[in-house]
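K.L.:
Residues 746 to 1273 (the numbering used here) make up the sequence shown, in order.
Take this structure first; my questions come after.
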Amino acid sequence: MSTVSSTSPRRYLALWFPFLPADRHRRASPVSPAQAEAPLILVEKVANALRIAAVDRLGLSLGLTPGLTLADARARIPHLVAADMDRAADAALLARLADWCDRYTPLVAVEEPDGLVLDITGCAHFFAGEENLRRAVMEGLARSGLTVRGSVAGTPQAAGALARFGRKTLGRHDIVPPGEEEMAVRPLPAAALGVSPEVLLALTRAGLKTVGDLADRPSAPLAARFGADLPARLARILGREDVGISPRRPLPPCLVERRFAEPVAREEDIVAALAGLARRAGGILAERGEGGRRFEAAFFRADGRVTRLAVATGRPTRDAAVVMRLFRERLAALADPLDPGFGFDLLRLAVTVCEPLGESQTSLDGRTVEDEEVAALVDRLGARFGPAAVLRPAFVDTHIPERAVRMVPAASLDDSTTPACGWSAGRLDDPPARPVHLFDPPQPIEALAEVPDGPPLRFRWRRVLHEITRAEGPERIAPEWWRDEAGEEPTRDYYRVEDTAGRRFWVFRRGLFGEAPAPRWFLHGVFA
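Structure representation (structure tokens):
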């Protein structure tokens, strides 16, 4: 994909599916020839009455409109076909159509309930111009049994308004040259602005029926009478202001793709093409001094279906061999093998997360080699079993011992689990401050202390008596007062103790002398 200069004028292709629910139902539910020639309506219950929510082209031409009751519709056209409205299925179809449109541009926005907007800036030259690009999109959707209208303009609002309301002038304004949006949208009705029904009614009563009527008025009086949102909408539809779109998938930092003249179905050919893309992506990352942490491959089938596979690495990498090893593991671990259908006609590789990566020395430093081998092992296990199945301990900023460590995915992209202050190595002959093993939960013990608030003289754990020869403490740990349950948690006094056999334990007294309930003793950990 090419890089678009920030000074290039933005171009948008808006698509409108006026009969999306009816088209979806006809595609999903085979009908008899007689039913195919009858109007189709989709109904839903509104205020205890079944009312039309959507119609097909034939039903609209016969005067059936949304809001009409089913009884009235049948009285007018007895032979109509009625089905239940399924908004979730319509939204799912719109999402699949957005996936299909990804083959033309990675920037696709969903305009629910029946529209899409594609940012085609810098993409038209791949198809020999905007007209050929628009025609390819429209013809591909029409072959799928969908009714669609499309228009290209310099703002998404202008393109969308022309697609939805420019039916009489669409032949002349299906592609609006840059800077000519105002001339194209002036004949459109005021409803093309997308304002609320209340504002639209007020505009109609004021005699402002078209976009041109509003464009001839000063902005300040319009804002004072109809709200500040109206001038902003007017500026966007006239092409004077471009706020862009919110694509369903953000543009990745690095994106490479390969289009096939003929669909490819053999997995060996697909893997070979993916390896070529990995090498291209690695070259781009090397020029930037970066490496990828997350790679996503998108396989576009000729019939419109899109399959996406993603792999993540524990460290930034631009080595194509490493990336391909992970993708091979991912493909081998699929419950359902990659189904090419009639073949893939487009393959795309996106590096969705990048980080700085300098040159590293690995041949003379054994520790560096070991770290990289561990990272490679984590990546392979994550690709085969899933990232959530490979865990590592991570530090938590808390003084409560059992909460100081939690398990996170080993290939986690979040480095915030590393303490910002670092860890002090200390002296080699210093005893460790914390045990190598913690019991969760702490083990209750029977302890006897010389004084109520002193260390234990002996304790019994698992029916074995331990006589204490040395003790160090107390280390008082108070509850975290900001937690809701902190008021119910007593203060702890910890001791490091050693018995006559040289075994070292970490014990604590839960609660203080004189408090209720009475203090109890627990064993929290053992030292090596």
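Ideal placement from N, C-alpha and C gives every residue a C-beta, glycine not left out.
With DSSP collapsed to three states, give me the class of Arg1274.
P.N.:
Beyond the ends of the chain as shown, which are 746 and 1273, falls residue 1274; an answer cannot be given.
K.L.:
By Cβ distance below 6 Å, which residues in the same chain neighbour Ala906 in space, the five residues on each side in sequence not counted?
P.N.:
Counted from its first residue, the sequence shown places residue 906 at position 161. The answer, listed in chain order, is Val930, Leu933, Ala937, Ile982.
K.L.:
Am I right that Trp1226 and Tyr1239 are in contact with their C-beta atoms under 8 Å? What's the rounded C-beta distance?
P.N.:
Within the sequence shown, numbered from 1, the residue matching residue 1226 stands at position 481. Within the sequence shown, numbered from 1, the residue matching residue 1239 stands at position 494. About 19 Å; that fails the 8 Å criterion.
K.L.:
As a quick exercise: from Leu1054, Val944, Asp1090, pick the residue whose alpha carbon is nearest that of Pro1132.
P.N.:
Here residue 1132 refers to the residue found at position 387 of the sequence shown. Considering only alpha carbons, the answer is Leu1054.
K.L.:
If you draw a straight line from the C-alpha of Ile1145 to the C-alpha of Met1152, how long is it?
P.N.:
Here residue 1145 refers to the residue found at position 400 when the sequence shown is read from its first residue. Here residue 1152 refers to the residue found at position 407 when the sequence shown is read from its first residue. Distance between the alpha carbons of Ile1145 and Met1152 is about 16 Å.
K.L.:
Straight-line CA distance for Ser774 to Phe764?
P.N.:
Within the sequence shown, residue 774 is the residue found at index 29, counting from 1. Within the sequence shown, residue 764 is the residue found at index 19, counting from 1. Computed Cα separation, rounded: 15 Å.
K.L.:
Three or more C-beta pairs closer than 8 Å, one from the stretch 799 to 809 and one from the stretch 818 to 832: is that the case here?
P.N.:
Enough Cβ pairs lie closer than 8 Å, so yes.
K.L.:
Let me check one thing: in DSSP terms, what residues is Ile1291 bridge-paired to?
P.N.:
With the chain running from 746 to 1273 in the structure shown, residue 1291 is simply not present.
K.L.:
Leaving out the 5 sequence neighbours to the left and right, which residues in its chain are closer than 6 Å to Arg1205 when beta-carbon positions are compared?
P.N.:
Counting from 1 along the sequence shown, the entry for residue 1205 is found at position 460. Excluding positions up to five away in sequence, the list reads Glu1191.
K.L.:
How many whole angstroms separate the CB atoms of Ala1078 and Arg1039, which I take to be in contact at a CB cut-off of 8 Å?
P.N.:
Residue numbering aside, residue 1078 sits at position 333 when the sequence shown is read from its first letter. Residue numbering aside, residue 1039 sits at position 294 when the sequence shown is read from its first letter. Contact doesn't hold; Cβ gap of about 17 Å is too wide.
K.L.:
Express the C-alpha separation of Gly924 and Gly899 in angstroms, rounding to a whole number.
P.N.:
Numbered from 1 along the sequence shown, position 154 holds the residue referred to as residue 899. Numbered from 1 along the sequence shown, position 179 holds the residue referred to as residue 924. Approximately 7 Å, taken between the alpha carbons.
K.L.:
Among the residues of its own chain, which have a CB less than 6 Å from the CB of Trp761, if the five just before and after it don't count?
P.N.:
Taking the first residue of the sequence shown as position 1, residue 761 is located at position 16. Only Gly860, Arg894, Ala908, Arg909 meet the Cβ criterion.
K.L.:
Skipping 5 residues on each side, what residues in its chain have a beta carbon closer than 6 Å to that of Thr1062?
P.N.:
On the sequence shown, position 317 is the one that residue 1062 refers to. Hits under 6 Å: Gly1036.
K.L.:
Is His1182 helix, strand or coil by DSSP?
P.N.:
Residue numbering aside, residue 1182 sits at position 437 when the sequence shown is read from its first letter. His1182 falls in the strand class under three-state DSSP.
K.L.:
Give the secondary structure of Val1098 by DSSP, where H, G and I count as helix, E and B as strand, and everything else as coil.
P.N.:
Here residue 1098 is taken as the residue at index 353 of the sequence shown, counted from 1. In this structure, Val1098 counts as strand in the three-state DSSP scheme.
K.L.:
Out of Arg1073, Leu842, Leu863, point me to the one whose CA is closest to Ala887's CA.
P.N.:
One-based indexing of the sequence shown puts residue 887 at position 142. Out of Arg1073, Leu842, Leu863, Leu842 has the C-alpha closest to the C-alpha of Ala887.
K.L.:
So the beta strand (DSSP E) Thr1052 belongs to, where does it begin and stop?
P.N.:
On the sequence shown, residue 1052 is found 307 positions in, with the first residue counted as 1. 1051 to 1062 is the extent of the beta strand (DSSP E) around Thr1052.
K.L.:
Suppose the cutoff is 8 Å on Cβ atoms and the five residues either side in sequence are ignored; what does the same chain contact list for Gly812 look like?
P.N.:
Stepping through the sequence shown from its first residue, residue 812 is reached at position 67. Answer for Gly812: Arg796, Ile797, listed in chain order.
K.L.:
With a cut-off of 8 Å on the beta carbons, I'd call Phe1044 and Leu1083 a contact; round off their distance for me.
P.N.:
If you number the sequence shown from 1, residue 1044 lands on position 299. If you number the sequence shown from 1, residue 1083 lands on position 338. Going by Cβ atoms, the distance from Phe1044 to Leu1083 rounds to 7 Å, so yes, they are a contact pair.
K.L.:
Quick one: what's Cys868 bridged to in DSSP?
P.N.:
For the purposes of this step, residue 868 is taken as residue 123 along the sequence shown, with counting starting at 1. Answer by DSSP bridge pairing: none, since Cys868 is not bridged.
K.L.:
Return the bridge partner residues of Glu1220 from the DSSP annotation.
P.N.:
Here residue 1220 is taken as the residue at index 475 of the sequence shown, counted from 1. Per DSSP, Tyr1239.
K.L.:
Using DSSP bridges, identify the partner residues of Arg1203.
P.N.:
For the purposes of this step, residue 1203 is taken as residue 458 along the sequence shown, with counting starting at 1. Paired residues: Leu1193, Glu1212.
K.L.:
Could you say if the stretch 774 to 783 and the stretch 814 to 821 meet the contact criterion of at least three C-beta pairs nearer than 8 Å?
P.N.:
As far as the Cβ criterion goes, the stretch 774 to 783 does not touch the stretch 814 to 821, which means the pair count is below three.
K.L.:
Which of helix, strand or coil does DSSP assign to Glu927?
P.N.:
The residue given as residue 927 occupies position 182 in the sequence shown. Helix.
K.L.:
Do you know how far the Cα of Arg1025 is from the Cα of His870?
P.N.:
Looking up residue 870 in the sequence shown gives position 125. Looking up residue 1025 in the sequence shown gives position 280. Rounded to whole angstroms, His870 to Arg1025 spans 21 Å at the Cα level.
K.L.:
Along the chain, where does the beta strand (DSSP E) that runs through His1269 open and close?
P.N.:
In the sequence shown, counting from the first residue as 1, residue 1269 sits at position 524. Run containing His1269: 1265 to 1271, per the beta strand (DSSP E) assignment.
K.L.:
From Pro1164 to Thr1058, what distance separates their C-alpha atoms?
P.N.:
If you number the sequence shown from 1, residue 1164 lands on position 419. If you number the sequence shown from 1, residue 1058 lands on position 313. Note that Pro1164 scores a pLDDT of 49, beneath 50, so its modelled location is shaky; the value from the coordinates is reported in the next line. If you take the alpha carbons of Pro1164 and Thr1058, they lie about 21 Å apart.
K.L.:
Have a look at Val1096, Ala1031, Leu758 and flag the residue whose alpha-carbon is nearest the alpha-carbon of Pro998.
P.N.:
Within the sequence shown, the letter at position 253 stands for residue 998. Comparing Cα-Cα distances from Pro998 to each of Val1096, Ala1031, Leu758, the minimum goes to Val1096.
K.L.:
How about Leu946 and Phe971: are their beta carbons less than 8 Å apart?
P.N.:
As a position in the sequence shown, residue 946 is number 201, starting the count at 1. As a position in the sequence shown, residue 971 is number 226, starting the count at 1. For Leu946 and Phe971, no; Cβs fall outside 8 Å.
K.L.:
Since I believe Gly1270 is in contact with Phe1184 (beta carbons under 8 Å), could you give me their beta-carbon distance rounded to a whole number of angstroms?
P.N.:
The residue labelled residue 1184 in the question sits at position 439 within the sequence shown. The residue labelled residue 1270 in the question sits at position 525 within the sequence shown. So it is a contact: roughly 6 Å between Cβ atoms.
K.L.:
Report yes if the C-beta distance between Pro942 and Ala759 is below 8 Å; otherwise report no.
P.N.:
Looking up residue 942 in the sequence shown gives position 197. Looking up residue 759 in the sequence shown gives position 14. The answer is no: Cβ separation not under 8 Å.
K.L.:
Along the beta strand (DSSP E) that carries Phe1140, what are the first and last residues, could you check?
P.N.:
As a position in the sequence shown, residue 1140 is number 395, starting the count at 1. Here the beta strand (DSSP E) through Phe1140 covers 1136 to 1140.
K.L.:
Pick helix, strand or coil for Glu789, following the three-state DSSP scheme.
P.N.:
Here the question's residue 789 lines up with position 44 in the sequence shown. Three-state DSSP puts Glu789 in a strand.
K.L.:
Whole angstroms is fine: what's the gap from Gly1331's alpha carbon to Pro992's?
P.N.:
Outside the displayed span of the chain (746 to 1273) sits residue 1331, for which this structure offers no information.
K.L.:
Going by beta carbon distance, what residues of the same chain come within less than 6 Å of Ala951, once the five residues before and after it are set aside?
P.N.:
Taking the first residue of the sequence shown as position 1, residue 951 is located at position 206. So no residue of the chain qualifies.
K.L.:
Pull up the CB-CB distance for Asp1064 and Pro1008, whole angstroms please, since I reckon it's below 8 Å.
P.N.:
In the sequence shown, the residue the question calls residue 1064 occupies position 319. In the sequence shown, the residue the question calls residue 1008 occupies position 263. Their Cβ separation, rounded to whole angstroms, is 30 Å, which puts Asp1064 and Pro1008 out of contact at 8 Å.
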